[in-house]
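Student:
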Amino acid sequence: MAFVEMSKIYKVYPPNVVALNGVDLSLERGEIHSIVGENGAGKSTLVRILYGMIKPSSGEIKIDGEKVQISNPSEAMKLGIGMVHQEFMLIPSFKVFENIILGQERSTLGFINRKKAAKTVQQIIDQYGFGVDSNTVVSQLSVAAQQKVEIIKQLYKKAKVLILDEPTAVLTPQESDELFEQITRLKGQGKTIVFISHKLDEVLKISDRITVLRKGQRVTTLENKDVNAIELAKMMIGRNLSQISKRESQPGKEVLSIKHLSVRSNRTNKEVLSNVNLSVRAGEIVGIAGVEGNGQYELVQSIVGTIRPYSGEIIVNDTDLTQAPIRERRKLICYVPQDRKYSGLALKATMLENMIMTHHLKDEFKKGLLALDWKKAYSYAKQAAEQFDILYRSLDEKPEVLSGGNQQKVVVAREFSLGYTLIVLDQPTRGLDIASTEYIRRLILQMRDAGKAILLVSADLDELMQLSDRLYVIKDGKIVAHIDPSKADIHTIGNYMLGVVN
Amino acid sequence: MRKVFLVLLIILTISILGAPRRVAYVINGSLGDQSFYDSGYSGIKQLEKEFGVQTRVIECNFDPSLYYPSLRTAAQWADVIFVISYGFEEELKEIATKFPNKIWVNIDTVVQDEKGIISSIDYREEEGAFLAGAVAAMVTTMTQLPGINPQKIIGAVGGDDDIVIRSFVHGYEQGAKYIDPEIQVKVIYVGTWDDPAKGKQAALQLYAQGADVVFQIAALTGFGVLQAAQEVGKYAIGVDSNQNPLVPGHVITSDLKEVGQSIYKIFKMIIDGTFEKGKVYSFGVKEGIVGLAVDDYTKKILPAETVDKILKLQEMVANGTIVVKPYVP
Amino acid sequence: MKIFRRVIISLLSIASAFLICAILIKIQRNSPIEVYKALYAYGLGSWFSLSSTLNTATPLIFTGVSAAVAFASGVINLGQHGQLLMGAILTAILGVYLNLPGLIGIPVLVVFGGFAGALWAGVAAVLKKFYRMDEFISTLMLNFIAEYFTIYLATYPFLDKKAYVPATRLIKRIYFMPDVSGLSLAFFVAIFSALISYWYIKKTRSGYELRMMGHNINFARIGGCSVELNTTLVLLLTGFLSGLAGGLLILGGTQHRFMKGIGANFGWDGVMIAIIANNSIIETLFYGLFFGALKNGAIGMEFETAVPSEFILLLQAVIVLVVVGARSAIEYYTQWIRSLAKLKKVVSGND
Chain A
1 MAFVEMSKIY KVYPPNVVAL NGVDLSLERG EIHSIVGENG AGKSTLVRIL
51 YGMIKPSSGE IKIDGEKVQI SNPSEAMKLG IGMVHQEFML IPSFKVFENI
101 ILGQERSTLG FINRKKAAKT VQQIIDQYGF GVDSNTVVSQ LSVAAQQKVE
151 IIKQLYKKAK VLILDEPTAV LTPQESDELF EQITRLKGQG KTIVFISHKL
201 DEVLKISDRI TVLRKGQRVT TLENKDVNAI ELAKMMIGRN LSQISKRESQ
251 PGKEVLSIKH LSVRSNRTNK EVLSNVNLSV RAGEIVGIAG VEGNGQYELV
301 QSIVGTIRPY SGEIIVNDTD LTQAPIRERR KLICYVPQDR KYSGLALKAT
351 MLENMIMTHH LKDEFKKGLL ALDWKKAYSY AKQAAEQFDI LYRSLDEKPE
401 VLSGGNQQKV VVAREFSLGY TLIVLDQPTR GLDIASTEYI RRLILQMRDA
451 GKAILLVSAD LDELMQLSDR LYVIKDGKIV AHIDPSKADI HTIGNYMLGV
501 VN
Chain B
1001 MRKVFLVLLI ILTISILGAP RRVAYVINGS LGDQSFYDSG YSGIKQLEKE
1051 FGVQTRVIEC NFDPSLYYPS LRTAAQWADV IFVISYGFEE ELKEIATKFP
1101 NKIWVNIDTV VQDEKGIISS IDYREEEGAF LAGAVAAMVT TMTQLPGINP
1151 QKIIGAVGGD DDIVIRSFVH GYEQGAKYID PEIQVKVIYV GTWDDPAKGK
1201 QAALQLYAQG ADVVFQIAAL TGFGVLQAAQ EVGKYAIGVD SNQNPLVPGH
1251 VITSDLKEVG QSIYKIFKMI IDGTFEKGKV YSFGVKEGIV GLAVDDYTKK
1301 ILPAETVDKI LKLQEMVANG TIVVKPYVP
Chain C
2001 MKIFRRVIIS LLSIASAFLI CAILIKIQRN SPIEVYKALY AYGLGSWFSL
2051 SSTLNTATPL IFTGVSAAVA FASGVINLGQ HGQLLMGAIL TAILGVYLNL
2101 PGLIGIPVLV VFGGFAGALW AGVAAVLKKF YRMDEFISTL MLNFIAEYFT
2151 IYLATYPFLD KKAYVPATRL IKRIYFMPDV SGLSLAFFVA IFSALISYWY
2201 IKKTRSGYEL RMMGHNINFA RIGGCSVELN TTLVLLLTGF LSGLAGGLLI
2251 LGGTQHRFMK GIGANFGWDG VMIAIIANNS IIETLFYGLF FGALKNGAIG
2301 MEFETAVPSE FILLLQAVIV LVVVGARSAI EYYTQWIRSL AKLKKVVSGN
2351 D
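Residue numbers (our numbering), protein chains in the order written: chain A, 1 to 502; chain B, 1001 to 1329; chain C, 2001 to 2351.
(1) DSSP has A481 of chain A in a bridge; who is on the other side?
(2) Less than 7 Å separating the Cβ of Q301 of chain A from some heavy atom of the ligand ADP?
(3) Going along the chain, which residues of the segment 2261 to 2280 of chain C sit with their C-beta nearer than 8 Å to a C-beta in chain B?
(4) Taking CB distances under 8 Å as the criterion, tell me whether Y1041 of chain B reaches chain C.
(5) Can you look up Y1998 of chain C in the DSSP assignment and give me helix, strand or coil?
(6) Report back the beta-carbon spacing between G2252 of chain C and A2118 of chain C to the nearest angstrom; my notes put them in contact at under 8 Å.
(7) Taking Cβ positions only, does I326 of chain A come closer than 8 Å to chain C?
(8) Between S249 of chain A and G290 of chain A, what straight-line distance do the alpha-carbon atoms span, to the nearest angstrom?
(9) Are the C-beta of W2336 of chain C and some C-beta of chain A separated by less than 8 Å?
(10) What in chain A is Cβ-close to T2204 of chain C, meaning under 8 Å?
(11) Could you spell out where the beta strand (DSSP E) holding N1149 of chain B opens and where it closes?
(12) Buried or exposed, going by whether 16 or more other CB atoms sit within 10 Å of the CB of F2115 of chain C?
(13) Can you tell me whether DSSP reads I1183 of chain B as helix, strand or coil?
(14) On a CA-only basis, which of A:E223, A:N228 and A:A282 is nearest G252 of chain A? Give me that one, please.
(15) Could you tell me which residues DSSP pairs with Q217 of chain A in its beta bridges?
(16) Buried or exposed: Y496 of chain A, going by 16 or more other Cβ atoms within 10 Å of its Cβ?
(17) Run down chain A in chain order and give the residues with a C-beta less than 7 Å from the C-beta of L2343 of chain C.
(18) Can you grab the Cα-Cα spacing for the pair K504 of chain A / V36 of chain A, in whole Å?
(19) Could you name the residues of chain C that I1163 of chain B contacts, counting a contact when the two beta carbons are closer than 7 Å?
(20) How about N224 of chain A and D208 of chain A: are their beta carbons less than 8 Å apart?
(21) Between R2006 of chain C and chain A, is any beta-carbon pair separated by less than 8 Å?
(22) Which residues in chain C have a C-beta closer than 7 Å to the C-beta of Y342 of chain A? List them in chain order.
(23) Using a Cβ-Cβ cutoff of less than 6 Å, which residues in the same chain neighbour V286 of chain A once the five nearest sequence positions on both sides are dropped?
(24) Let me confirm a value: F130 of chain A is counted as buried when at least 16 other C-beta atoms fall within 10 Å, else exposed. Which label applies?
(25) Between L2084 of chain C and G2246 of chain C, is the Cβ-Cβ spacing less than 8 Å?
(26) Measuring CB atoms only, is the segment 2212 to 2222 of chain C touching the segment 2125 to 2133 of chain C, in the sense that at least three cross pairs come out at less than 8 Å?
(27) Got a sec: is the Cβ-Cβ distance from Y2042 of chain C to anything in chain B below 8 Å?
(28) On the DSSP letters alone, give me the boundaries of the alpha helix (DSSP H) that R441 of chain A sits inside.
(29) Measuring CA to CA, which of A:D449, A:A481, A:I210 and A:T429 is closest to R340 of chain A?
(30) Classify Y2198 of chain C: buried if its beta carbon has 16 or more other beta carbons within 10 angstroms, exposed otherwise.
(31) Return helix, strand or coil for K2128 of chain C, following the three-state DSSP convention.
(32) Looking at the secondary structure, which residues open and close the beta strand (DSSP E) in which T1253 of chain B lies?
(33) Are the CB atoms of V1190 of chain B and G1199 of chain B within a distance shorter than 8 Å?
(34) Find out if the Cβ-Cβ distance for the pair L213 of chain A, G431 of chain A is shorter than 8 Å.
(35) If I'm right that T2056 of chain C touches G2292 of chain C with Cβ under 8 Å, what's the distance once you round it to whole angstroms?
(36) Determine, using beta carbons only, whether E2228 of chain C comes closer than 8 Å to chain B.
Below you can see the structure in the form of structure tokens.
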């Protein structure tokens, strides 16, 4: 009999988003069980149901063969189920042991014996070999060590099942290896580990069994030895990955030229971009690679105009835009922002209103002195929505009811149909399903072939390698390398990103 | 039995003669001030009891947008309309002209229309205030009483800085100077009629400046004055209704303005047929409508000879020995 | 279809509010039918009632539209009260001293009232632009300043010595707003202003930018909307609307002078109406008229049934709660029901 048995779990988010469609999951004692799937496949929803954070629409959970209702995390805790989230929930100014006993204080007459508590915690730490000092203040610990504290906290609460939600996303490769060792040790002590990841190599490295989810359904659960990465990927996306082919680029005249651009942070007054020089020509895709937070965001924002540089020049089509307001810039630049919900769309406005943004500055949509030509706007929006294969019911509909992929297509359709030569893309495929990602990547290439100058910022190295004609690597606000991706491999770029080579 | 018969007879005569059956009392402020507006309300209730008329009270709660519709609706419904019209004299004239067959009685101010439809009850409030000022002046010089300092300062807290309040203050000052020309009178206008907290604050300020007695002329706002007197162990004088029992031992007397009595008096004239449209009825100490409330509460605070002196003063005002000058804006 | 749904939701909510209040009336041993009959008779039942209702609704429509336009643009202008007072005092003072023929004088005075309101809102705009002060706070605080400043003006420098309350002198007769058998022309100005505002916010390019700012200011900014300029514009425009309310209150109301308390609760009622109307101008118009009818009918109701007119405040409060509550509740439950239906479909599809 399995230790934990989840059967026929359904979850429908109102109004009609099916997140889980009759998923079964069984966990044995002392196993590492990975759950893999694309974004939106339902991995997080499934484990959150087990941890009592989300109520399933239907389905049942059995532990040791007994049916249980888990309606909140503290009930999950009592049943021995613990979870480590991607965001840590630690109090930075507290010591390690204080964080661990928080909410689980064992006291005599209302007094906590701090020495004893610290000792108990240290015992657990040593028992599992975590190598953390229980008296250190949490804010002084590295991210990896903080993650360990989270795990220890669950062990202190006597967790028998430990859910780790994308634990390696915040770790360096070496730290990941250390984490895997500890997980294996925990398994040896009889704990059950649920490991969520979309990095297939990690999954194959440590799992005993793997459950594959796709679009809210369980594709299969299989023994690790029965499968390889390619097969797993195929199960995840439901078909073979197609190869995007691209022609040789034929760059024309320079469209975007950035010279000696430097930007200081408003808050800290530190330089976040220093002396950046780059150019983008018509008919080419120029990629910007870098570990996130190294100045990519500031670079894009200075081009679009939400950040004012303190020195340097930004020239688009021979027009100096360095000090121009956003409104003027948007008469020359197509721009897909990195967060469509933050600035790409107004989710509660209509599709039409979303599609006409920035276009409304054009003369062709003016009617009389003040009015907007809504009839023209409507026919443009309809035509663009069809051209870019947006799945929608009506232009009066709100984008909030669309899937993530379709929302992104609305942004892309709007920006690409502006028709300006310069296109700035910031994480254009982040969080999208594979089909939408592919679709958008093909569009980007089409735009290049149509003679547009494209600046592409992405955290996805594969994407950059696949699309870029030239690649700049940015580190600590400086351009550290200028690379031809067809002649370099992903590891060299990674080394530049990490600052291993200069 | 005889009384009942008499009342029945009166009611019968009224109904036969088409006498008023519906009375409305339209006020710019709100009831619950335990003084001015409430005093009028008690008169209205008395009409209901004694004459069996139907009555309605419309409170405008100081919202000018309600004045016009309130009057207009009152005109449709009632036969006699008693109005406290501060600030809506123009509306009153306009509507009274549209409904000239109704009986319009304006209270506390004088409103006169061209056709002589509206009658007014004008109180000689300066007479009562004179007496209040005299009492205040006497008390602030009686250092043998608890809480009285040697300084010759008395105070008053007014609602708005307007004509009626100014004439109160005018009379109050005359009374004080009548007793002792050296008395200093300090006045604060708080600018609100329904905020006891502000009234209290103003009174506390006056007490701190050395006043021993504060005269409240601010409707519900003035209730805070009485509370302040209790808090600092000083004295206050109430207004309009008998407020002596509200804070026993600290409210020496009240400057009565028997609005209810005057309403009753006027209504009786209407029944008797002696009422005249367009006339200004002036009520003061002589008519027993304005005057001081001197009762057991007063006697507990003041020695008997002082009480006698007060009553004597009141008589002198009533019989014309003392003439109080009215306020001229 | 959507409009139909909104109308239904509003009507159902109002009906249930009336039902809830009927129970309360019953508990107080009065007859709800009599009460509502009187409310209807004195609120809408005759031309006199109807015209009074429309007159009462006039300032509510202005302040309501002012709040709705501001909120829909994401600008939290809560200064309708102060802007109205400033409009009223300027119109009242000019109405005493200005010498113009009535035909020209009336529109000039009205527009001056609007400018005074706009200027007062403009103070908030300046504070926002140069000192980054949130208009939410500044407009709120400016209300107090306007309140005391106008009372000061009416109590001292411009006091009508013959008035029994702090008030300015009566404006010249020629500036009294004409009426159509009791219905002030001010009402038509209100309707016209609401329609213009509707057209502006719905059809113009600038109005489009304003609405998008209201939905998502980052989206609007990145999309090239002149966010700063628009914010200033909204403050001035909505201040102007509130100022018009004040000016028309003097010219078209019943007082024809500025007096203490003349602003009543129009500012806050306007904010409330905009909230119930979900910032839609057409709905604001409807609720402005509706609340005008309630306010007006309340007095007659009190005469006929002796139920105190304060009851209307209760009814209003219940309506606000039910309408606003119903909007999200209906949304929530329809989604919940749809999700159940979907679940059923998926489960049966699998078997």
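Backbone N, C-alpha and C define an ideal beta-carbon position, used for all residues, glycine too.
Tutor: Quick answer:
(1) Position 481 of the first sequence, counted from the first residue, corresponds to residue 481 of chain A. BP columns for A481 of chain A point to A:V473.
(2) Of the ligands one can find in the structure shown there are none, so the ligand ADP has no counterpart to examine.
(3) G2261, I2262, A2264, N2265 and F2266
(4) Position 41 of the second sequence holds residue 1041 of chain B. So no, Y1041 of chain B is outside the interface.
(5) No statement about residue 1998 of chain C is possible, as the shown extent of chain C runs from 2001 to 2351 and does not include it.
(6) Against the third sequence, residue 2252 of chain C aligns to sequence position 252. Against the third sequence, residue 2118 of chain C aligns to sequence position 118. That belief does not hold up - the Cβ atoms of G2252 of chain C and A2118 of chain C are roughly 19 Å apart, past 8 Å.
(7) Residue 326 of chain A sits at position 326 when you count from the first residue of the first sequence. Closer than 8 Å: yes.
(8) For this step, residue 249 of chain A is matched to residue 249 along the first sequence. For this step, residue 290 of chain A is matched to residue 290 along the first sequence. Using only the alpha carbons, I get a separation of about 23 Å.
(9) For the purposes of this step, residue 2336 of chain C is taken as the residue at position 336 of the third sequence. Closer than 8 Å: yes.
(10) Translated into positions along the third sequence, residue 2204 of chain C becomes position 204. By Cβ distance, chain A contributes L370, A371 and L372.
(11) Mapped onto the second sequence, residue 1149 of chain B falls at position 149. N1149 of chain B -> no beta strand (DSSP E), and no H or E assigned at all.
(12) Taking the first residue of the third sequence as position 1, residue 2115 of chain C is located at position 115. Classification for F2115 of chain C: buried.
(13) Within the second sequence, numbered from 1, the residue matching residue 1183 of chain B stands at position 183. Three-state DSSP puts I1183 of chain B in coil, outside helix and strand.
(14) Residue numbering aside, residue 252 of chain A sits at position 252 when the first sequence is read from its first letter. Closest by alpha carbon: A:A282.
(15) As a working mapping, residue 217 of chain A is identified with position 217 in the first sequence. Paired residue(s): A:R214.
(16) Taking the first residue of the first sequence as position 1, residue 496 of chain A is located at position 496. Classification of Y496 of chain A: buried, given that the 10 Å Cβ count is 16 or more.
(17) Locating residue 2343 of chain C in the third sequence gives position 343, where the first residue counts as 1. What L2343 of chain C touches in chain A: Y10, V12, S57 and S58.
(18) With chain A covering only 1 through 502, there is no way to say anything about residue 504 of chain A.
(19) Numbered from its first residue, the second sequence carries residue 1163 of chain B at position 163. Within 7 Å Cβ-Cβ: Y2164.
(20) To locate residue 224 of chain A, count along the first sequence from 1; it is residue 224. To locate residue 208 of chain A, count along the first sequence from 1; it is residue 208. Yes; because the gap between Cβ atoms is below 8 Å, this pair is in contact.
(21) Within the third sequence, numbered from 1, the residue matching residue 2006 of chain C stands at position 6. No, its Cβ sits nowhere closer than 8 Å to a Cβ of chain A.
(22) Here residue 342 of chain A refers to the residue found at position 342 when the first sequence is read from its first residue. Per Cβ cutoff of 7 Å: N2218.
(23) Here residue 286 of chain A corresponds to residue number 286 of the first sequence, with the count starting at 1. Around V286 of chain A: V280, L455 and R470.
(24) Here the question's residue 130 of chain A lines up with position 130 in the first sequence. F130 of chain A is buried by the Cβ-count criterion.
(25) Numbered from 1 along the third sequence, position 84 holds the residue referred to as residue 2084 of chain C. Numbered from 1 along the third sequence, position 246 holds the residue referred to as residue 2246 of chain C. Yes, the pair counts as a contact, with Cβ atoms nearer than the cut-off.
(26) no
(27) Position 42 of the third sequence holds residue 2042 of chain C. Interface residue, yes.
(28) Counting from one through the first sequence, the residue named residue 441 of chain A turns up at place 441. Here the alpha helix (DSSP H) through R441 of chain A covers I434 to D449.
(29) The count along the first sequence starts at 1 and reaches residue 340 of chain A at position 340. If we check each option's Cα against that of R340 of chain A, A:T429 comes out closest.
(30) Translated into positions along the third sequence, residue 2198 of chain C becomes position 198. It counts as buried.
(31) Numbered from 1 along the third sequence, position 128 holds the residue referred to as residue 2128 of chain C. In the structure shown, K2128 of chain C sits in a helix (DSSP, three-state: H, G or I).
(32) Locating residue 1253 of chain B in the second sequence gives position 253, where the first residue counts as 1. Taken as a continuous stretch (DSSP letters only), the beta strand (DSSP E) holding T1253 of chain B covers V1251 to K1257.
(33) Within the second sequence, residue 1199 of chain B is the residue found at index 199, counting from 1. Within the second sequence, residue 1190 of chain B is the residue found at index 190, counting from 1. Cβ atoms of G1199 of chain B and V1190 of chain B: closer than 8 Å.
(34) Position 213 of the first sequence, counted from the start, is the residue given in the question as residue 213 of chain A. Position 431 of the first sequence, counted from the start, is the residue given in the question as residue 431 of chain A. Taking 8 Å as the Cβ cut-off, L213 of chain A and G431 of chain A do not qualify as a contacting pair.
(35) As a position in the third sequence, residue 2056 of chain C is number 56, starting the count at 1. As a position in the third sequence, residue 2292 of chain C is number 292, starting the count at 1. Contact flag correct, Cβ pair sits at about 4 Å.
(36) Within the third sequence, numbered from 1, the residue matching residue 2228 of chain C stands at position 228. With 8 Å as the cut-off, E2228 of chain C does not count as an interface residue toward chain B.
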